[in-house]
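A.B. asks: Residue numbers (this note's numbering): 548 to 967.
Don't be surprised by glycine CBs; every beta carbon is placed ideally from N, CA and C.
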Amino acid sequence: MLRPDAKAAAVGNAVDQDRLWDLLMRLAEIGALENGGVNRQALTELDTEAKNFVIEWARARGFSAFQDDAANLFVRMPGAAASQDPLIVGSHLDSQPTGGKFDGAFGVLAGLEVLESIRQQGLTPERPIEVAAWTNEEASRFLPGATGSSAFAGTRELSAVLDNRTVDGARVGDELAASIAATRAELRPIHSVRPCASLEIHIEQGPILEQAGLPVGIVKGIQGVRRIQVEILGETAHAGTTPQALRKDALDGAARIMVSLRSLTKDDDDILRLTFGRIDSFPNSPGTVTDKVRLTIDLRHPDKAVMDKVEGLIREVAPAQAHPCRTEVRVLSTVDPIAFDPSIIGLLENCANMMNASGPLMLSGAGHDSLHLGRICPTGMVFVACEGGISHHEAENAKPFDLALGTRVLAAAAWTLANR
Ligand SMILES: [Zn+2]
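In structure tokens, the structure reads:
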């Protein structure tokens, strides 16, 4: 069991609410929008400006800054044992086109506040601590999301991403090169660092903490996401002349599949998320019986076995309900769920208790960089309440007190892991 000691408490208590808030507001000026949000999409000049803002902060305090081939940025506090694998504390600086001030940015700046708190206590951790800003978590400008953290963790090859195009038509490889050239940090090979552990703090992006009146929650895992496409193949016919009994109506088949799956997957614990988010219907004409439907199903759950079971159910239900139409089922994309390391969850709970911030253990409904970090090292996340659960929106907001309290938990845990 990992327990924070007196020094961890001192580091946590050294977190300064006003200093953190001031840093958040200064960063939010880069890409600021009229209604209080930011537009700082990945690998744009504004994104690079944000990275250089962080680098200046680091240099002013004697910390070094590095970047890698995926344009991930690292601010490094040296450890007493320089050769030890570092602890990584990170999140992302990029935003949605009409994003908020806190999604991602809070996680990076809270990491800097952890370094500042350690420095002000005159302490040196045993292991180095690196604050990371991962490239393109949001995927608003180009795919895939979490480009930087997935390349770093090796869950996706960076080379497979380079020829992708941004929404404004640029080649991702060229944008990466331009951003790296304009970022004032030394380049190092992407797989030259292997973290001993990883932490991330993030606004919740949901309403659970606020509704419970709790500032901080400990994340136990991130649910998986699977997109499944069901193609229903019928026969086109005239809407007026063809008797119902003789039709092979693909849209009727899709409707039966949806109703059947909705009732068969009813989850009393309300953990399973099944969404029929998209229907493409052909020929999509009001006077014609539909001969082809593409139904895209979004399936989310924290347990891969349940996801597999529901996929199996879809494969069974689709042909049975679509009859006399034919069906083809295929998985378009899948991201497995992750359960965070129990020792890190336990440590974060202990740190939360110590900082009088005890909150619930909760599941993340949204994806995060930690999903990828968690594949290569013990990883944990802290959530902080956000106003109305709103994010990916200019109205995104959080309380200075809550942000600082969450950062205290993060700081105590970071100190403990860096001295293990
Ligand atoms: Zn985020």
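What three-state label does DSSP hand A886 in the structure shown?
C.D. replies: Residue state, collapsed to three classes: strand.
A.B. asks: Taking buried to mean at least 16 other C-beta atoms within 10 Å of its own C-beta, is L948 buried or exposed?
C.D. replies: It is Phe, not Leu, that sits at residue 948 in the sequence shown. Exposed.
A.B. asks: Is it the case that the stretch 631-638 contacts the stretch 755-774, given that we only count it when at least three CB pairs across the two stretches are under 8 Å?
C.D. replies: With a cut-off of 8 Å, the stretch 631-638 and the stretch 755-774 do not count as touching, because too few Cβ pairs lie within range.
A.B. asks: Using a Cβ-Cβ cut-off of 6 Å (strictly less than) and excluding sequence neighbours within five positions of G716, which residues of its own chain qualify?
C.D. replies: So the list is empty, once near-sequence residues are dropped.
A.B. asks: From what residue to what residue does the alpha helix (DSSP H) around G800 run?
C.D. replies: A797 to L811 is the span of the alpha helix (DSSP H), which, as asked, contains G800.
A.B. asks: Select from D888, L860 and R566 the residue whose C-alpha is nearest the C-alpha of S810.
C.D. replies: Per the Cα distances, L860.
A.B. asks: Give a yes or no on whether 8 Å exceeds the smallest Cβ distance from L756 to chain B.
C.D. replies: Given the protein chain composition of this structure (a single chain), no chain B is represented.
A.B. asks: Ligand 1 and H919: does the residue's C-beta get closer than 7 Å to at least one heavy atom of that ligand?
C.D. replies: No; taking the cut-off as 7 Å, the Cβ of H919 has no heavy atom of ligand 1 nearer than that.
A.B. asks: Using 7 Å as the cut-off, classify the Cβ of E941 as near or not near the heavy atoms of ligand 1, replying yes or no.
C.D. replies: For ligand 1, not one heavy atom lies less than 7 Å from the Cβ of E941.
A.B. asks: Report all residues for which the CB-ligand distance to some heavy atom of ligand 1 is below 7 Å; order them along the chain.
C.D. replies: Taking each Cβ in turn, the ones that pass are S638, H639, D650, G651, E684, E685, H749 and H915.
A.B. asks: Would you report the Cα separation of T837 and V857, rounded to the nearest angstrom?
C.D. replies: Answer to the nearest angstrom: the Cα atoms are 27 Å apart.
A.B. asks: Would you report the Cα separation of P736 and S938, rounded to the nearest angstrom?
C.D. replies: Taking the straight line joining both Cα atoms gives about 34 Å.
A.B. asks: Work out the CA separation of R623 and D616 for me, nearest whole Å.
C.D. replies: Cα-Cα distance, rounded: 17 Å.
A.B. asks: Run through DSSP, which three-state label would F948 get?
C.D. replies: If DSSP states are grouped into helix, strand and coil, F948 belongs with the helices.
A.B. asks: Can you tell me whether V882 is buried or exposed? The criterion is at least 16 other CB atoms within 10 Å of its CB, across all chains shown.
C.D. replies: With 16 or more Cβ atoms within 10 Å of its Cβ, V882 is classed as buried.
A.B. asks: Contact check, R841 vs Q776 under 8 Å by CB: the rounded distance?
C.D. replies: Contact flag correct, Cβ pair sits at about 6 Å.
A.B. asks: Look up I602 in the DSSP assignment and say whether it is helix, strand or coil.
C.D. replies: Of the three classes helix, strand and coil, the one that applies to I602 here is helix, per DSSP.
A.B. asks: Applying the 10 Å Cβ sphere with the 16-neighbour rule, what's the burial state of P925?
C.D. replies: With 16 or more Cβ atoms within 10 Å of its Cβ, P925 is classed as buried.
A.B. asks: For G893, collect the residues of the same chain with a Cβ closer than 8 Å to its Cβ; drop the 5 residues on either side in sequence, then sort them by chain order.
C.D. replies: For G893, where only same-chain residues beyond five positions count, the Cβ hits under 8 Å are M548 and L549.
A.B. asks: Excluding the 5 residues flanking D565 on each side, which residues of the same chain have their C-beta closer than 8 Å to its C-beta?
C.D. replies: Here the set comprises P947.
A.B. asks: What is the DSSP secondary structure of I892, reduced to helix, strand or coil?
C.D. replies: Here I892 sits in helix by DSSP.
A.B. asks: CA-CA distance, F653 and A865?
C.D. replies: If you take the alpha carbons of F653 and A865, they lie about 44 Å apart.
A.B. asks: Hey, is S828 close to ligand 3, as in C-beta under 7 Å from one of its heavy atoms?
C.D. replies: No copy of ligand 3 occurs in the structure displayed; its ligands are ligand 1 alone.
A.B. asks: For C744, which residues from the same chain have a beta carbon less than 6 Å from its beta carbon, with the 5 sequence-adjacent residues on both sides left out?
C.D. replies: The sequence shown places Ala at residue 744, rather than the Cys named in the question. For A744, where only same-chain residues beyond five positions count, the Cβ hits under 6 Å are L634, C924, P925 and L964.
A.B. asks: By the three-class DSSP mapping on this structure, what secondary structure does D616 have?
C.D. replies: DSSP places D616 in coil when its eight states are reduced to three.
A.B. asks: Would you call G609 buried or exposed, if buried means 16 or more other Cβ atoms sit within 10 Å of its Cβ?
C.D. replies: Exposed: under 16 other Cβ atoms inside 10 Å.
A.B. asks: Starting from L819, trace the alpha helix (DSSP H) both ways and give me its first and last residue.
C.D. replies: Premise fails: L819 is in no alpha helix (DSSP H) and is neither H nor E.
A.B. asks: If you follow the alpha helix (DSSP H) that D565 is in, where does it begin and where does it stop?
C.D. replies: First-last of the alpha helix (DSSP H) with D565: Q564 to L574.
A.B. asks: Please classify S664: does DSSP put it in a helix, a strand, or coil?
C.D. replies: Three-state result, S664: helix.
A.B. asks: Buried or exposed for A607, going by 16 or more other Cβ atoms inside 10 Å?
C.D. replies: Exposed, because fewer than 16 other Cβ atoms sit within 10 Å of the Cβ of A607.
A.B. asks: Provide the residue span of the beta strand (DSSP E) that contains I844, from first to last.
C.D. replies: Start and end: K839 to H848.
A.B. asks: Express the C-alpha separation of Q752 and F649 in angstroms, rounding to a whole number.
C.D. replies: Cα to Cα, the separation comes out at about 10 Å.
A.B. asks: Tell me the start and end of each unbroken alpha helix (DSSP H) in the stretch 901-959 that is at least 4 residues and wholly inside, in chain order.
C.D. replies: For the stretch 901-959, whole alpha helix (DSSP H) runs of length 4 or above, ordered along the chain, are 917-920.
A.B. asks: In the DSSP assignment, find the unbroken alpha helix (DSSP H) run with S697 in it and report its ends.
C.D. replies: That run of the alpha helix (DSSP H) goes T694 to A700.
A.B. asks: Candidates V929, E581, L574 and C933: which alpha carbon is nearest W604's?
C.D. replies: Nearest of V929, E581, L574 and C933 to W604, Cα basis: L574.
A.B. asks: Along the beta strand (DSSP E) that carries S687, what are the first and last residues, could you check?
C.D. replies: Here S687 belongs to no beta strand (DSSP E), and DSSP marks it neither H nor E.
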